[in-house]
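Counting from 16, one number per residue, gives the positions in the sequence shown under my numbering. From the three backbone atoms N, C-alpha and C, an ideal C-beta is built for every residue, glycine too. What follows is one structure encoded as structure tokens, with my remarks underneath.
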Amino acid sequence: MMTFLMSLMIGSFVGTIIWIVQSSIKPVTQKIFSQTWHYYTGLIPVFFLLGGSEILSRMISFLGSIVAVTDTSSRTSMIAEQYIPAQPTLSSLINQQFDNLLRLPYLSEMVLFVIVLWAAGAIIFLVSNVKNYYKFKFLIFAESRVCDTLQCPVQVIVSAHATTPMLIGLWKPMIVLPDTQLEDKELALILSHELVHLQRCDLFVKLLVLVANAVHWFNPVTYLINKQMNMQCELACDEKVVKGMDAESRRLYGEMILSMLEYGVNQRNIVFTSSFSNSKRYIKRRLSNLMKGQETKRSILLMSFVALFVLIGAGGLAAYVAKTTLPVDFLSEKARRVVAPLTTVSSGYNKINVKDIDGTMVAYDKNGNRLPATPKGSDAPEKLTDKELVDRIKKHLEKQLPVPEGYLEALPQNERDALNEAYSIQLHSSN
């Protein structure tokens, strides 16, 4: 449970950092990149909020292990072992703090309480949004009629309670029009706008953002991301609709947005819907974007892809650093372990000795891979008398265990002959 909780915190942290970076450079990117680019790159924080941090950190760790193996294979193996005292690092200090945390009484109960609280918040958030959607949908269909005069890929209805044109429904989408008089050209522009939403599967994108908001309901940034994505969705849709239009058609489209604002200014943001109009504070921005009409150059397109990969890479690196700094893997261990105070550099690898609570020593390389255990007694024990050597060899023989070579090398020949005679065996050293 602690591992899940830490992964949730890391995802929330990385998603927040990426959103802050995007927001800080937005005044510059708005002058260079398209609204569609801003719309889809706005999903990068959502990706990290929904598990992308774990995916990319594992990929980076895997690639790092491949590079490490390739690098060490080209080195000359070291014959002697060099013991280097461990230096305190940020990671070790954080590990120490988590060790202190893990010794707190009733820790498992506290973690369980936090997870139950998180799950309750996520469920309440989702239920509240779904309830509002069905309540809104019931209101829309209460006084509505099907518009049979229009030829459209999806059903079009006119509702007396609709304050703005919208696309509604995930599995059976339909376009809802307000019960107001519209000219043919205005109607064509409205349908084009809503069909772009349908073509781009914007309602599913909104659902994805909603799920991220529900999972991280405790993070205030996710609410800002949700609101920003809804607005960016409309800007990207406007950009697609007016692409290739002349100035007069763009002006007409802008006037239509203003006319819809009169009806839809009080429209709440409802999940599983796309609203044509927005609040007044965004209308100026929408109208400004409409009149630009700049063609995207190849150099700008290339820069947009580079910026996209830089944002994803930066997020993945942040997730990897956060995961390697926090002792998530140690928290999932059933047996608590104490790291030995010495770090051994052997054969080009950083070897870390870890001691279990039962006293067993386990060795790991710098990538966290468990190293094969060294056979005990491969070298002669230090400061053992002949009697102690004989006693230890007898214990091995009684348990039918192989006698370490170091014992036989240190044992005098006369003692070895006595053991051979007593146990009817042939003990001899390889030397």
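Asked	Found
For Pro168, the nearest candidate out of Gly66, Ser207, Leu65 and Met24 (CA to CA)	Ser207
Buried or exposed by the 16-neighbour rule on C-beta atoms within 10 Å, applied to Phe128	exposed
Cβ-Cβ separation, Ile240 to Trp34 (assumed contact under 8 angstroms), whole Å	6 angstroms
Close Cβ partners of Val256 (< 8 angstroms) along its chain, the five nearest in sequence each way excluded	Leu204, Ser207, His208, Val211 and Tyr268
Gln247 beta carbon less than 7 angstroms from that of Gly57	yes
Extent of the continuous alpha helix (DSSP H) to which Met246 belongs	Pro235 to Val257
Three-state secondary structure assigned by DSSP to Ser174	strand
Inter-residue spacing [alpha-carbon to alpha-carbon] between Thr91 and Ala378	Model confidence at Thr91 stands at a pLDDT of 42, short of 50, so the residue's coordinates are unreliable and nothing is read from them.
Val230 beta carbon less than 7 angstroms from that of Met244	no
Check whether Tyr422 and Ile440 have beta carbons under 7 angstroms apart	no
Paired residues, beta bridge with Ile327 - DSSP	Partner(s): none; Ile327 has no beta bridge.
Extent of the continuous beta strand (DSSP E) run through Gln161	A small correction: the amino acid at residue 161 is Val; Gln does not occupy that position in the sequence shown. Residues Ser159 to Val161.
Host beta strand (DSSP E) of Ile25 (start-end)	Element bounds for Ile25: not the beta strand (DSSP E) but the alpha helix (DSSP H), Met17 to Ile47.
CB-CB length for Leu250 against Gln50, believed under 8 angstroms	4 angstroms
For Leu182, the three-state DSSP class (helix, strand or coil)	strand
Same chain, Cβ closer than 8 angstroms to Leu447, five either side skipped, listed in chain order	Nothing about residue 447 can be reported from this structure: the residues present for the chain run from 16 to 446 only.
Distance CB(Leu154)-CB(Pro188) smaller than 7 angstroms	no
Inter-residue spacing [alpha-carbon to alpha-carbon] between Leu65 and Ser123	25 angstroms
Close beta carbons around Asn234, own chain, < 7 angstroms, minus the five adjacent residues each side	Ser27 and Thr31
Whole-number beta carbon distance between Ala175 and Glu158, since they are thought to touch under 8 angstroms	4 angstroms
Of the residues Ser22, Val43 and Cys162, the one placed nearest Ile70, counting alpha carbons only	Ser22
Distance CB(Met182)-CB(Ile172) smaller than 7 angstroms	In the sequence as displayed, the identity of residue 182 is Leu instead of Met. Not in contact: Leu182 and Ile172 (Cβ atoms no closer than 7 angstroms).
Glu263 burial status per 10 Å Cβ neighbour count (16 or more: buried)	exposed
Close-in-space but distant-in-sequence residues of the same chain around Val220 (CB under 8 angstroms, 5 per side omitted)	Leu58, Met244 and Cys248
CA-to-CA distance, Phe151 to Arg265, given in whole angstroms	32 angstroms
Short Cβ contact (7 angstroms threshold) for Met17 with Val131	no
Assumed close pair Glu254, Asn304 - CB separation to whole angstroms, cut-off 8 angstroms	7 angstroms
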